[in-house]
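Numbering (mature numbering (1 follows the signal peptide of the UniProt record, and there is no 0)), first residue to last: -18 to -1, 1 to 418. Think of the CB as a built atom: it goes at the ideal place given N, C-alpha and C, for glycine as much as any other residue. Quick caveat, the model's predicted, so the values are computed rather than measured. Below is one structure, written out as structure tokens; comments come after it.
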């Protein structure tokens, strides 16, 4: 029997899981299907041998108006029975026998130009052959401007240069440090163009005593602040070949820090590199990996801040960045120190609360993670795969998230084929749609 392709198996989230607002993308939204179709055709067109891949499931969909329209998707694929060089598209293919089929997972950003034009800005696919190690396929559109994560490691050298440039080319008596990255865009040319908007804050280090920022330089709560918009070009040798900066400064308020009062049971800051955090962090990442049914383990990349509070035991509150590794759960029983970070993998901003009760030798961790700028990942009911997420609306970017159960009804059956199971509808191939 010919394959009836099931595209969307995203279950509705229970309303009680979150108090944040979200907006549903309707199941009949043809733009969602076109974005997925464009991404998969782009991946298949880049292969010269073997079989095409067929869409199996879409696990995440979000739309951002910034001001252009971008769809960010995560989808799973399976090897089909149609060769890459055939005249067929993936919608005309059946799945290959499971024992011999490769599988994969792709993360893609698709731009919508005008009313009908869809183009892939960037796409990363992790392919697992039937036998053999995971293979990574990366595609970046030449000339396409697209948003990137504000926590992307690729921004770090540009931001370091930007802060140094500001401090060296202004007459302010104090050095400034980076406060927050608000937006970032990238364009692949013969190198990379970056457009970054970020805020800066005055530090306690005067230019008279400090030539550059050191670990002793701390942002002042009552100091001047600024907002900058920069354009940078990074050449193929990863050098910043050109740089344009525009910053607006705003005076700080006259503010005197009140004296610190002794507070028994209040949260106290703890150094992010404190050995005391080792156990809470181990429990936090173990909890995250246990609740995430994705293919790969996550590991902690950076601890941003932490507090400890004396309660009935100790409560640790930790903010950290977790990144996807190259270690798959199918090949590894647990996360180990040898698991390397996948530079093209997912990045999560996480908040963890860890209760340690030493006299009972018990630890109670809870972890909530947010994909930078858009997706709030909530603890999911059994069976959700991977994290089912609710979109938090950001007013400046107008982001919506797919949260309804939607299925794509594929090609009609040939004469004499068995009827479709209850709940599945066969439609003509020229009339694809998404159904609730």
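Going by the beta-carbon positions, is the gap between residue 234 and residue 184 smaller than 9 Å?
Position 252 of the chain shown, counting from 1, holds the residue named residue 234. Position 202 of the chain shown, counting from 1, holds the residue named residue 184. In contact: residue 234 and residue 184 (Cβ atoms closer than 9 Å).
Excluding the 5 residues flanking residue 333 on each side, which residues of the same chain have their C-beta closer than 6 Å to its C-beta?
Position 351 of the chain shown holds residue 333. Contacts found: 301 and 350.
Residue range of the beta strand (DSSP E) that includes residue 282:
Position 300 of the chain shown holds residue 282. Run containing residue 282: 278 to 293, per the beta strand (DSSP E) assignment.
Looking at the secondary structure, which residues open and close the beta strand (DSSP E) in which residue 177 lies?
Locating residue 177 in the chain shown gives position 195, counting from the first residue. Its beta strand (DSSP E) spans residues 173 to 188.
Can you check which of these residues, 283, 199, 208 and 170, is closest to residue 162 by C-alpha distance?
Looking up residue 162 in the chain shown gives position 180. Nearest of 283, 199, 208 and 170 to residue 162, Cα basis: 208.
Among the candidates 205, 121 and 220, whose CA atom is the shortest distance from the CA of residue 23?
Looking up residue 23 in the chain shown gives position 41. Among 205, 121 and 220, the Cα nearest to that of residue 23 belongs to 121.
Given residue 133, which residues of its chain have a CB within under 8 Å of its CB, disregarding the five upstream and five downstream residues?
Residue mapping note: residue 133 aligns to position 151 of the chain shown, counting from 1. Only 163, 303, 329, 331 and 354 meet the Cβ criterion.
Are the beta-carbon atoms of residue 310 and residue 289 separated by less than 9 Å?
Sequence index remark: in the chain shown, residue 310 carries index 328 (1-based). Sequence index remark: in the chain shown, residue 289 carries index 307 (1-based). Their beta carbons are not under 9 Å apart, which means residue 310 does not touch residue 289 by this criterion.
Environment of residue 341 [buried if 16+ CB atoms lie within 10 Å]:
Stepping through the chain shown from its first residue, residue 341 is reached at position 359. Exposed, because fewer than 16 other Cβ atoms sit within 10 Å of the Cβ of residue 341.
Within the same chain, show all residues whose beta-carbon is closer than 6 Å to that of residue 80, passing over the 5 residues directly before and after it, in chain order.
If you number the chain shown from 1, residue 80 lands on position 98. There are no such residues.
Proximity to residue 215 [Cα-Cα], best of 193, 271, 188 and 178:
Here residue 215 corresponds to residue number 233 of the chain shown, with the count starting at 1. Cα-wise, what sits closest to residue 215 is 178.
Can you tell me the Cα-Cα spacing of residue 166 and residue 295, whole angstroms?
For the purposes of this step, residue 166 is taken as the residue at position 184 of the chain shown. For the purposes of this step, residue 295 is taken as the residue at position 313 of the chain shown. Rounded to whole angstroms, residue 166 to residue 295 spans 42 Å at the Cα level.
Separation of residue 33 from residue 64, as counted between CA atoms
Here residue 64 refers to the residue found at position 82 of the chain shown. Here residue 33 refers to the residue found at position 51 of the chain shown. Taking the straight line from one Cα to the other gives about 5 Å.
Determine contact between the segment 56 to 63 and the segment 84 to 96, defined as no fewer than three beta-carbon pairs at a distance below 8 Å.
yes
Taking the CB atoms as reference points, tell me whether residue 36 and residue 72 lie closer together than 9 Å.
Position 54 of the chain shown, counting from 1, holds the residue named residue 36. Position 90 of the chain shown, counting from 1, holds the residue named residue 72. Yes; because the gap between Cβ atoms is below 9 Å, this pair is in contact.
With distances taken Cα to Cα, identify the nearest neighbour of residue 320 among 326, 308, 193 and 262.
The residue you call residue 320 lines up with position 338 of the chain shown. Ranking 326, 308, 193 and 262 by Cα distance to residue 320 puts 308 first.
Three-way DSSP call (helix, strand, coil) for residue 54 in this model
Locating residue 54 in the chain shown gives position 72, counting from the first residue. Residue 54: strand per DSSP, three-state reduction.
Using a 10 Å radius around the Cβ and a threshold of 16 neighbouring Cβ atoms, would you call residue 82 buried or exposed?
As a first step, residue 82 must be located in the chain shown, where it is residue number 100. The residue in question, residue 82, is exposed, as its Cβ has fewer than 16 Cβ neighbours within 10 Å.
As a quick exercise: from 154, 173 and 170, pick the residue whose alpha carbon is nearest that of residue 187.
The residue you call residue 187 lines up with position 205 of the chain shown. Ranking the options by Cα distance to residue 187, first place goes to 154.
For residue 22, which three-state DSSP category applies?
Residue 22 sits at position 40 when you count from the first residue of the chain shown. Residue state, collapsed to three classes: helix.
Backbone CA spacing between residue 255 and residue 130 [nearest angstrom]:
For the purposes of this step, residue 255 is taken as the residue at position 273 of the chain shown. For the purposes of this step, residue 130 is taken as the residue at position 148 of the chain shown. Cα-Cα distance, rounded: 28 Å.
Taking all protein chains shown into account, do 16 or more other C-beta atoms lie within 10 angstroms of the C-beta of residue 462, making it buried, or fewer, making it exposed?
What is shown of the chain runs -18 to 418, which leaves residue 462 out entirely.
Our contact map puts residue 247 next to residue 291 with C-beta atoms below 8 Å; I'd like the distance itself, whole angstroms only.
Along the chain shown, read from residue 1 onward, the residue named residue 247 stands at position 265. Along the chain shown, read from residue 1 onward, the residue named residue 291 stands at position 309. Contact holds; Cβ gap of about 7 Å.
Which value, in whole angstroms, describes the spacing of the CA atoms of residue 479 and residue 50?
The structure shown has nothing for residue 479, since the chain only spans -18 to 418.
Based on the DSSP secondary-structure assignment, which residues constitute the bridge partners of residue 65?
Position 83 of the chain shown, counted from the first residue, corresponds to residue 65. Answer is 33, bridged to residue 65.
Whether residue 180 touches residue 169 by CB criterion (9 Å):
By 1-based counting over the chain shown, the position of residue 180 is 198. By 1-based counting over the chain shown, the position of residue 169 is 187. Not closer than 9 Å, so no.
For residue 101, list the residues DSSP reports as bridge partners.
Walking along the chain shown from the start, residue 101 turns up at place 119. Answer is 93.
To the nearest whole angstrom, what separates the beta carbons of residue 53 and residue 14, a pair I think is in contact under 8 Å?
Position 71 of the chain shown holds residue 53. Position 32 of the chain shown holds residue 14. About 7 Å separates the two Cβ atoms, so the contact holds.
Three-state secondary structure (DSSP) of residue 263
Against the chain shown, residue 263 aligns to sequence position 281. Helix at residue 263.
List the residues that DSSP assigns as beta-bridge partners of residue 213.
Numbered from its first residue, the chain shown carries residue 213 at position 231. Answer is 177 and 226.
Kindly indicate which residue of 335, 46 and 193 has the alpha-carbon position closest to the one of residue 151.
Along the chain shown, one-based indexing puts residue 151 at 169. When each option's Cα is compared against that of residue 151, the closest is 193.
Would you call residue 269 buried or exposed, if buried means 16 or more other Cβ atoms sit within 10 Å of its Cβ?
As a working note, residue 269 is residue 287 in the chain shown. Classification for residue 269: buried.
In the DSSP assignment, what are the bridge partners of residue 85?
Walking along the chain shown from the start, residue 85 turns up at place 103. According to DSSP, which records beta bridges pairwise, residue 85 is partnered with 60 and 110.
Could you tell me the boundaries of the beta strand (DSSP E) in which residue 129 lies?
Here residue 129 is taken as the residue at index 147 of the chain shown, counted from 1. Where residue 129 is concerned, the enclosing beta strand (DSSP E) stretches over 127 to 129.
Using a Cβ-Cβ cutoff of less than 7 Å, which residues in the same chain neighbour residue 199 once the five nearest sequence positions on both sides are dropped?
Taking the first residue of the chain shown as 1, we reach residue 199 at position 217. If we look at residue 199 and ignore the five residues flanking it on each side, its Cβ neighbours are 157, 159, 185, 186, 187 and 192.
What are the start and end residues of the beta strand (DSSP E) that includes residue 352?
Here the question's residue 352 lines up with position 370 in the chain shown. It spans 344 to 352 - the beta strand (DSSP E) in which residue 352 sits, taken as one unbroken run.
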